[in-house]
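Have a look at the structure below, then the notes.
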Amino acid sequence: NSSLETKDNFDWVELPDGSTVFLNHNSTIRYDKKFSPRTINLEGEAFFSVALAETPFVVTSRHGTIIVTGTEFDVRATEDELVIEVEEGTVEVEAKDQPPTKLKRGDRAVYNSNKRAVQVEKAEYEFRLWISELELEFKKLGKEVKRTSKEIGKESKKAAKELKKELKKLKIN
1166 NSSLETKDNF DWVELPDGST VFLNHNSTIR YDKKFSPRTI NLEGEAFFSV ALAETPFVVT
1226 SRHGTIIVTG TEFDVRATED ELVIEVEEGT VEVEAKDQPP TKLKRGDRAV YNSNKRAVQV
1286 EKAEYEFRLW ISELELEFKK LGKEVKRTSK EIGKESKKAA KELKKELKKL KIN
């Protein structure tokens, strides 16, 4: 099993399926090293950029489960509540003892363990603040952060073209 934990720092990881997870301060994710099935357990807050695949991507927390196939969303799982904000695509939330709730881009779902109900409202995108802080912190450290799986794909294609050019040069000389 693999895990990633933050204290007073941010961190990020690219998963074996090409998905990216950005962790806010004081957060932990746990997942199978082979990432099959595509399931992550979250305590704290993380932003997910999920690579498109036939198998669902599942985020579990003490208050419920979020199921997606390819999208970008933020999850904050604390002791008392579960908050999901959808940046791109759609997700399905299965909070404890509640019927599944579908969310689309711009939606925010809040499940409070005291109220035992899922409330859907307009997303506030509060997570963008800590994601910006994360990007600044990583720039200072000289690390580049890939925001989306689309960007990762573009970068690897660009690197492949550069490699081909270099190999051609070597053959000519």
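Per the numbering used here, the sequence shown starts with residue 1166, numbered consecutively.
Glycine included, C-beta positions come from ideal geometry on N, C-alpha and C.
Measuring C-alpha to C-alpha distances from Phe1200 to each of Glu1302, Ala1218, Glu1170 and Leu1188 identifies Ala1218 as the nearest. For Phe1213, there is no enclosing alpha helix (DSSP H); the residue is part of the beta strand (DSSP E) that begins and ends at Thr1204 to Ser1214. In the displayed model, Lys1304 falls within a helix according to three-state DSSP. In summary, Leu1294 is exposed, with fewer than 16 beta-carbon neighbours lying within 10 Å of its beta-carbon over all protein chains present.
With a 10 Å radius around the Cβ and a threshold of 16 neighbouring Cβ atoms, Glu1289 comes out exposed. Take the alpha-carbon of Ile1194 and the one of Lys1269: they are about 24 Å apart. Scanning its chain for C-beta atoms nearer than 7 Å, with the 5 sequence neighbours on each side dropped, one finds around Ile1296 the residues Phe1187 and Phe1212, in chain order. The beta strand (DSSP E) runs lying completely inside the stretch 1241–1292 and spanning 3 residues or more are 1246–1253, 1255–1260, 1266–1269, 1272–1277 and 1282–1287, given in chain order. Scanning its chain for C-beta atoms nearer than 7 Å, with the 5 sequence neighbours on each side dropped, one finds around Lys1261 the residues His1228 and Gly1229, in chain order. Put simply, the backbone Cα of Tyr1276 is about 36 Å away from that of Lys1305. Per DSSP, the unbroken beta strand (DSSP E) holding Asp1176 starts and ends at Asp1176 to Glu1179. Partner residues in the beta bridge of Phe1222, as assigned by DSSP, are Val1233. The Cβ atoms of Thr1220 and Arg1241 do not sit closer than 7 Å to each other. When the five nearest sequence neighbours on each side are left out, the beta carbons in the same chain lying within less than 7 Å of the beta carbon of Ala1216 are those of Asp1182, Gly1183, Ser1184, Gly1235 and Ser1314, in order along the chain. Residue pairing of Arg1227 in beta bridges, as defined by DSSP: absent, with no partner found.
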